Amino acid sequence: MKKLICLFALIFITVSCKGGKGDYVLPTSTGNTNKILVVIKGNDWDGRIGDEIRTVFGEHQVGLPQPETLLSVSQIDPIGFKGFMRNSKAVLIVREGEKERIVVEKNKYAAPQILIYATAKNKTGLVNLIRNKGKEIIKLFKDADIQFAQRIFKKERVDENQFKTIKKLGVTIDIPKRFNLVEDTGDFLWLRQHLKSGIARGDGSNNILLYSYPLEDENKVADNITAMRDVIGEKYIPGSKEGMYMITEQAYTPFTYDAEIDEKKAYETRGKWEVKNDFMAGPFINYTIIDKENKRVIVFEGFTYAPSVNKRDFIFELEAIGKSLKIK
620 MKKLICLFAL IFITVSCKGG KGDYVLPTST GNTNKILVVI KGNDWDGRIG DEIRTVFGEH
680 QVGLPQPETL LSVSQIDPIG FKGFMRNSKA VLIVREGEKE RIVVEKNKYA APQILIYATA
740 KNKTGLVNLI RNKGKEIIKL FKDADIQFAQ RIFKKERVDE NQFKTIKKLG VTIDIPKRFN
800 LVEDTGDFLW LRQHLKSGIA RGDGSNNILL YSYPLEDENK VADNITAMRD VIGEKYIPGS
860 KEGMYMITEQ AYTPFTYDAE IDEKKAYETR GKWEVKNDFM AGPFINYTII DKENKRVIVF
920 EGFTYAPSVN KRDFIFELEA IGKSLKIK
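Per our numbering, the very first residue in the sequence shown carries number 620; after that it's consecutive.
If you want it as structure tokens, here you go:
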């Protein structure tokens, strides 16, 4: 993710905007993905409003081996929100006002940037607003992060025409060039990026899988996601010895949600994988897409192996790649 952050700075170094008296240039925004700056008075941050923010934004991301929050938050007093601090990429401004509402503003002080204003008449109203609209606010921040990442991936995408499986599937997908080929049979694609940070250096990796299978009964697709990925794991993803291969971790039930990829019905599944009869394991994210027109199911899966380091941001990157998939 460090490389991703650096690329934000390189690609979005300047942004021209139309002003009333001509053009002006916005500075580059600062900040990591999945991290927001909360602009709120110190007393409120230490009180009920801050407690509610920490509760809502402190919810754990499902499917990860270690507890990691959906978003990381830091706080600054409104009086300190000026100068360089206003260039933060993702900002939540909590304040009292006449109307209870959520307002979104983009690229006000820097680019890319999203500012979300949470306003209510009093402190009790702000607590209730965060409690009731917290998931909506989180989605706004997450969606903006996905869009930011996808813009970068589109700039540095690999030439997908070199892969037999992608050509046969008839899809496009923005995969960064740092992913290298492991296997490409024409029916199954496996790409891998070696991670270069933390204890996982040398051994850690982010992985992408892409394949399809015939659509027989749409109503059974969601129930068969785990079984299908286990079939694929046994066939294509071996362990270090005979009889070892990737399966869905048996002690952890994956979470499946309704989703949409390329305006088509899909399912997002988050869970943990492991290698049968071995000690390797990690998180995965799976997008199972129903392609009715071609009577098939397309599967994108990303999985991470990164021992002893946090994995939320690695899975986030795979999520952004998966959501860029389009059927020609």
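Glycine included, each C-beta is placed from N, C-alpha and C at the ideal position.
Computed from a prediction, not measured in an experiment: that's the story for all the values here.
Taking the alpha-carbon of residue i as reference, which of the options has the nearest alpha-carbon?
| i | options | result |
| --- | --- | --- |
| Lys761 | Glu835, Thr649, Glu719, Ile655 | Ile655 |
| Ile946 | Phe772, Tyr924, Leu829, Thr875 | Leu829 |
| Glu837 | Lys883, Ile771, Ala768, Ile721 | Lys883 |
| Asp822 | Gly901, Glu687, Val681, Thr738 | Gly901 |
| Glu687 | Lys758, Phe922, Lys930 | Lys930 |
| Leu944 | Thr872, Lys854, Pro857, Ile785 | Ile785 |
| Arg673 | Pro646, Ile757, Asn706 | Ile757 |
| Lys708 | Gly716, Glu724, Ile698 | Glu724 |
| Glu936 | Asp897, Pro857, Arg811 | Arg811 |
| Phe922 | Thr649, Lys787, Ile827, Gln680 | Ile827 |
Exposed or buried, what is residue i when buried is set at 16 or more other beta-carbons lying within 10 Å of its beta-carbon?
| i | result |
| --- | --- |
| Leu748 | buried |
| Arg848 | buried |
| Asp696 | exposed |
| Ile851 | buried |
| Gln694 | buried |
| Gln685 | exposed |
| Ala846 | exposed |
| Glu802 | exposed |
| Lys942 | buried |
| Tyr728 | buried |
| Ala927 | Ala is not the amino acid found at residue 927; the sequence shown has Ser there. Exposed is the call here. |
| Ser859 | exposed |
For residue i, report the span of its alpha helix (DSSP H) as first-last.
| i | result |
| --- | --- |
| Phe933 | 931–941 |
| Arg714 | Here Arg714 belongs to no alpha helix (DSSP H); instead the beta strand (DSSP E) covers 709–715. |
| Glu671 | 667–676 |
| Asn896 | Asn896 -> no alpha helix (DSSP H), and no H or E assigned at all. |
| Asp849 | 844–855 |
| Ile785 | 783–788 |
Which two residues bound the contiguous beta strand (DSSP E) that contains residue i?
| i | result |
| --- | --- |
| Tyr871 | Run containing Tyr871: none; DSSP gives neither H nor E here. |
| Asn747 | Counting along the chain, Asn747 falls outside any beta strand (DSSP E), though it belongs to the alpha helix (DSSP H) covering 742–774. |
| Tyr924 | 915–924 |
| Glu777 | As written in the sequence, residue 777 is Val, which differs from the Glu given in the question. Where Val777 is concerned, there is no enclosing beta strand (DSSP E), given that its DSSP letter is neither H nor E. |
| Val722 | 720–725 |
| Lys654 | 654–658 |
| Asn825 | 824–833 |
| Thr867 | 865–867 |
| Asp803 | 799–803 |
| Leu810 | 807–813 |
Can you check DSSP and say which residues form a bridge with residue i?
| i | result |
| --- | --- |
| Thr888 | Thr875, Asn905 |
| Leu734 | Val710, Glu724 |
| Gln694 | Val657 |
Can you find a CB in chain D that lies within less than 8 Å of the CB of residue i?
| i | result |
| --- | --- |
| Tyr830 | Absent here is chain D; the protein component of the structure consists of one chain. |
Would you say the segment 906–914 touches the segment 733–742, given that touching needs at least three Cβ pairs under 8 Å? no
With contact counted as at least three CB pairs below 8 Å, one residue from each stretch, are the segment 699–713 and the segment 656–672 in contact? yes
For the segment 891–900 against the segment 856–872, do three or more pairs of beta-carbon atoms, one drawn from each stretch, fall closer than 8 Å, so that the two count as touching? yes
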